[in-house]
Each structure stands twice: as C-alpha cells, then as structure tokens.
Amino acid sequence: MVRFANYLEQCGTRFICVCSENGYAHKDLQRHKIPASSILPISCAPDYYYKTKAKRKKLVEIIATAVGHHPARLVTFCMRDLFTATALAAKLPVASITHLILHIQDDLYAGQTLAEKLIYRLTGKLSFGNSKLICFNRSLLTMLNKNDGLICMADLIAHNWQRNFGISIPSDHIVPLPSFVPPAEGRKAKETDKRILWIGRLVDFKIPALLALIDFLAHADGYKATIVGGGDRSHILARMKECRVATDRVDFIGEVSYDGLEDVIRTHSIGYAMGTSLIELARFKIPVIVALASYTHNPYQRPICGGLFFNQPRGCDGSELAGRRESEIVTEISDAVALIEADWSKTANACYEYARENYSADKNFSKYRIIIEQSKYFSAAQKTVYVPKAPLSRRMIFSLVNWWQKCIRHH
23 MVRFANYLEQ
33 CGTRFICVCS
43 ENGYAHKDLQ
53 RHKIPASSIL
63 PISCAPDYYY
73 KTKAKRKKLV
83 EIIATAVGHH
93 PARLVTFCMR
103 DLFTATALAA
113 KLPVASITHL
123 ILHIQDDLYA
133 GQTLAEKLIY
143 RLTGKLSFGN
153 SKLICFNRSL
163 LTMLNKNDGL
173 ICMADLIAHN
183 WQRNFGISIP
193 SDHIVPLPSF
203 VPPAEGRKAK
213 ETDKRILWIG
223 RLVDFKIPAL
233 LALIDFLAHA
243 DGYKATIVGG
253 GDRSHILARM
263 KECRVATDRV
273 DFIGEVSYDG
283 LEDVIRTHSI
293 GYAMGTSLIE
303 LARFKIPVIV
313 ALASYTHNPY
323 QRPICGGLFF
333 NQPRGCDGSE
343 LAGRRESEIV
353 TEISDAVALI
363 EADWSKTANA
373 CYEYARENYS
383 ADKNFSKYRI
393 IIEQSKYFSA
403 AQKTVYVPKA
413 PLSRRMIFSL
423 VNWWQKCIRH
433 H
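In my numbering, the protein residues as written are 23 to 433.
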C-alpha cells in the first residue's frame with residue numbers, strides 16, 4: 023500500500039488510503055510522509071464480515087463521506103477489505119473495484135467452520151467446510167473478473183483458480199508484485215562464508231520450509247543460518263534438537279525494521295525465502311533459493327524447495343505446492359546450493375536480473391494503474407450483492423479474541 027501511495031503521489035493522482043488507526047500501515051504511511059489528507063485512519067475494527075448491521079453501516083458511511091460524490095476507483099489488497107469495498111460500492115453513486123490477488127487461497131477466506139478451527143488446533147488437520155461462504159467468495163471474484171477488476175500477481179495462482187473454480191484471468195492482468203527498487207550504487211552483497219539468510223514471519227504455512235532448512239543443515243557441513251522474523255520458533259528448535267543441529271549454527275534475530283534489513287542481507291551469502299522477501303534478497307545481488315509454502319501446514323518428507331529465483335514462472339512466490347503433491351517437487355535445497363557453489367556470481371546476477379525485469383516497481387505500478395482505470399463500474403444489479411455476515415457464535419468468539427489480544431498488547 024505504501025509504495026503504491028508513493029507512486030500515485032508522484033503521478034499527481036488523488037487517492038485515499040484507508041487503514042486502521044495507529045496500525046502498521048498507518049504508521050508506515052506517516053513515516054513515508056504521505057500527506058494526512060490522503061490517509062483515512064479508521065478507529066473501529068475493519069473486519070466487515072464480523073460486524074453487526076449497525077457497525078457495518080457506520081464503517082461504510084465513514085469511508086463514503088471521505089470519498090464524496092466523485093466517481094471512485096476502489097482498490098483492495100485482501101478479501102477482508104474486499105467485503106467492505108463491495109458494500110461501499112453499493113453506497114457510492116459511481117464506483118468500480120479492482121482487487122489484487124496476493125494470496126492463492128483468497129477464495130477460501132473465512133472458509134473454516136469453528137469446529138474445523140478447533141480440530142486444526144488439536145490435530146493439525148486443515149480443512150475448509152464453510153462451503154456457502156466459499157461459494158460467495160468465488161462468485162464475487164468471478165463478478166469482478168467480468169468487470170476486468172482483478173489483478174493477479176502470479177501465473178501459478180491464475181492457473182490454480184482456473185482449475186479449481188473455472189475463473190479465467192486475462193494474461194495482461196497477471197502482474198508480479200511491484201517490489202523491485204534498485205539499491206544505492208555499491209550497496210550489493212558479497213560472497214561470504216556459508217551463511218544462509220531466511221526473511222519471513224514464522225507462521226504455520228512457512229514453518230515446513232524452515233524445517234526443511236534445518237534438515238539441510240543437518241547434512242551440510244560448514245553452513246549456518248540466520249532467521250529474521252517474529253513468531254513461534256518451538257517447532258524449529260525441536261527439529262534442531264532432533265537432527266542434532268547445534269544451536270550456534272542457527273541465529274534467531276527476530277523482527278528487523280525495513281531500513282535495517284540491508285545490513286543483515288549484505289553479511290550473508292545465500293537467501294532463502296518466499297513471497298516479497300525473494301525480491302528483497304535478490305535486489306542486493308545475493309543468490310536466492312525459493313522456499314515453498316505448505317498449504318497443509320505439514321512438514322515435508324524431504325528438504326524440498328522451488329529451485330533458484332530465476333527462469334521461474336511469472337510472479338514466482340513459492341506457491342508451487344498449490345494443487346500439487348510433494349512427490350512432484352524434485353528439487354531439494356542441496357541441489358540449489360550446489361548450483362550456487364558452482365558459480366556464486368553467475369547465480370547472484372541471474373536472480374538480480376530476474377527480479378529487476380519481472381518485479382519492477384515503476385513498470386508494474388503503471389500496469390496496476392491502467393487496469394484500475396479500465397475496471398468497469400458496478401451496475402445497478404451488482405450493487406444489490408449482499409455480503410454475508412458471520413454467525414453470532416463466530417462473531418462472539420472473534421470479539422473475545424480481539425479483546426484478549428488488546429489486553430496482551432497493553433500489558
């Protein structure tokens with residue numbers, strides 16, 4: 023959001039960023055000196071699906087008042103906000119919606135029942151049985167696609183959605199994340215000792231990739247790893263103990279500010295990540311290995327990976343296991359490391375050029391803008407679409423969890 027806001031400001035385009043008051047996005051927008059007139063901080067919770075009728079109305083009215091009676095181009099980055107935007111489009115005189123598909127499982131938003139959530143917590147078995155809501159999500163996304171209002175960040179996601187629910191996203195609407203900005207002259211990484219750097223939160227779908235890294239270290243003499251990112255490290259520590267990987271070979275340094283990442287990256291010889299962190303590593307000319315997201319959240323049987331971060335499908339982000347079995351992935355981390363060891367500079371340059379060519383911020387934000395401006399306005403019939411509301415039991419639990427998290431933060 024922040025980078026797009028910077029781009030729009032440079033273009034002289036009027037825009038409003040809606041965000042949670044004092045949240046991460048709000049603070050980041052302020053830190054990057056986005057004008058206050060272009061920021062709409064919302065003090066109430068933004069989760070439209072979990073709101074009562076009265077609170078839904080209040081949220082929509084706050085945003086509608088800020089937009090005014092001008093034709094509006096609404097842009098969303100997640101399904102949570104798409105629900106709000108759909109209700110907002112019905113309220114505004116003239117509005118279109120462009121949704122950025124940044125998550126391959128967008129169609130499964132809130133697709134777990136409460137029972138399935140409990141079973142997952144107890145057993146690790148992941149399932150999505152809220153078929154009514156999943157059906158709504160898919161019909162909403164299909165409607166936006168007919169309005170030319172979807173931007174998909176990867177070929178793999180587009181192919182997966184075509185296979186799963188028949189949505190066909192035009193090729194020129196597949197735009198990799200605009201996240202590559204060249205570093206300052208001379209600020210590149212250098213080949214160093216055998217140090218692998220992971221950048222990314224320690225969350226359920228990323229943990230299997232980290233366990234694969236530990237499995238690699240168990241059989242790779244001389245290699246060490248640094249893990250940047252907050253979250254529960256207990257599974258990683260348990261695997262280290264199981265594989266007899268000494269604690270001094272893995273350095274957990276927690277969360278690092280964006281401005282501080284460069285100094286960390288430049289002291290490592292290999293990057294290992296998924297998502298936007300792939301580009302962040304590659305832009306400092308460090309060879310990058312693609313870590314794979316696990317959609318079952320189960321550990322891998324082998325230390326598999328997505329190979330090196332070049333000659334990949336458009337928008338590569340580590341989603342290769344979506345709709346595929348682990349046995350179909352042949353590349354292991356050791357295979358990628360062997361290629362790096364054979365020619366560090368060649369692989370570093372190849373990763374850099376792939377990121378520069380495919381993820382250019384200026385070039386891809388320009389594509390975003392064209393698609394957004396060409397998205398069709400909602401018709402009268404589309405304005406009647408009703409966004410489902412979470413059942414009372416689910417809303418109560420959601421409110422309780424939010425209250426508990428606030429208590430923890432304040433203490």
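Cβ coordinates follow ideal geometry from the N, Cα and C atoms, glycine included.
{"Query": "Considering only the alpha carbon of each residue, which of Ile84, Arg160, Thr145 lies closest to asparagine 152?", "Result": "Arg160"}
{"Query": "Would aspartate 254 be called buried (16 or more neighbouring beta carbons within 10 Å of its own) or exposed?", "Result": "exposed"}
{"Query": "Less than 8 Å between the CB atoms is what I'm expecting for glycine 133 and phenylalanine 150, so what's the real figure, rounded?", "Result": "4 Å"}
{"Query": "Could you give the C-beta distance for asparagine 169 and serine 397, rounded to a whole number, given that I count them as a contact under 8 Å?", "Result": "6 Å"}
{"Query": "Out of Arg36, Leu62, Thr35, point me to the one whose CA is closest to serine 42's CA.", "Result": "Leu62"}
{"Query": "Work out the CA separation of glutamine 127 and isoleucine 446 for me, nearest whole Å.", "Result": "Within the shown structure, residues of the chain are numbered from 23 to 433, placing residue 446 beyond reach of any answer."}
{"Query": "What three-state label does DSSP hand lysine 49 in the structure shown?", "Result": "helix"}
{"Query": "I'd like to check one pair, alanine 234 with tyrosine 322: are the Cβ atoms closer than 8 Å?", "Result": "yes"}
{"Query": "Report the CB separation of isoleucine 119 from threonine 98 in whole angstroms; it is logged as a contact under 8 Å.", "Result": "7 Å"}
{"Query": "Counting only runs of 3+ residues fully inside the region 51-122, write out the beta strand (DSSP E) ranges in chain order.", "Result": "61-64, 94-98"}
{"Query": "Using only alpha-carbon positions, find the residue among Lys55, Cys39, Thr74 that is nearest to arginine 417.", "Result": "Thr74"}
{"Query": "Output needed for alanine 412: all residues of its chain with C-beta closer than 6 Å, excluding positions within five of it in sequence on either side, in chain order.", "Result": "Tyr71, Tyr72"}
{"Query": "Give me the residue from Phe26, Pro93, Ala67, Gln32 with the minimum Cα distance to glycine 45.", "Result": "Ala67"}
{"Query": "May I ask which residues mark the beginning and end of the beta strand (DSSP E) holding valine 359?", "Result": "Segment 355-364 is the alpha helix (DSSP H) holding valine 359; no beta strand (DSSP E) there."}
{"Query": "If you draw a straight line from the C-alpha of isoleucine 419 to the C-alpha of methionine 23, how long is it?", "Result": "29 Å"}
{"Query": "Only counting the same chain, and skipping five residues up and downstream in sequence, which positions put a Cβ closer than 7 Å to that of alanine 86?", "Result": "Leu110, Lys113, Leu114"}
{"Query": "Could you spell out the range, first to last residue, of the beta strand (DSSP E) harbouring aspartate 273?", "Result": "272-276"}
{"Query": "Which same chain residues, not among the five before or five after isoleucine 351, have their C-beta less than 6 Å away from its C-beta?", "Result": "Ile326"}
{"Query": "Grab me the residues of lysine 436's own chain with a C-beta within less than 7 Å of its C-beta, minus the 5 sequence neighbours each way, in chain order.", "Result": "Within the shown structure, residues of the chain are numbered from 23 to 433, placing residue 436 beyond reach of any answer."}
{"Query": "Hey, how far is the Cα of isoleucine 394 from the Cα of histidine 181?", "Result": "22 Å"}
{"Query": "Taking the C-alpha atoms as reference points, what is the distance between lysine 77 and leucine 422?", "Result": "17 Å"}
{"Query": "Candidates Val359, Ala313, Leu96, Arg324: which alpha carbon is nearest glutamate 342's?", "Result": "Ala313"}
{"Query": "Where does isoleucine 275 land, buried or exposed, given buried means 16+ other C-beta within 10 angstroms?", "Result": "exposed"}
{"Query": "Within a Cβ cutoff of 8 Å, which residues of the same chain sit near phenylalanine 238, ignoring the five residues on either side of it in sequence?", "Result": "Tyr245, Pro325, Glu354, Ile355, Ser356, Val359"}
{"Query": "Going by DSSP, name the residue or residues bridged to lysine 246.", "Result": "Arg217"}
{"Query": "If you draw a straight line from the C-alpha of tyrosine 399 to the C-alpha of alanine 364, how long is it?", "Result": "54 Å"}
{"Query": "Give the DSSP-derived three-state secondary structure of serine 421 in the structure shown.", "Result": "helix"}
{"Query": "Contact check, tryptophan 220 vs tyrosine 294 under 8 Å by CB: the rounded distance?", "Result": "5 Å"}
{"Query": "Counting along the chain, where does the alpha helix (DSSP H) carrying valine 286 start and finish?", "Result": "280-287"}
{"Query": "Among Lys216, Val40, Ile56, which one has its Cα closest to the Cα of asparagine 28?", "Result": "Ile56"}
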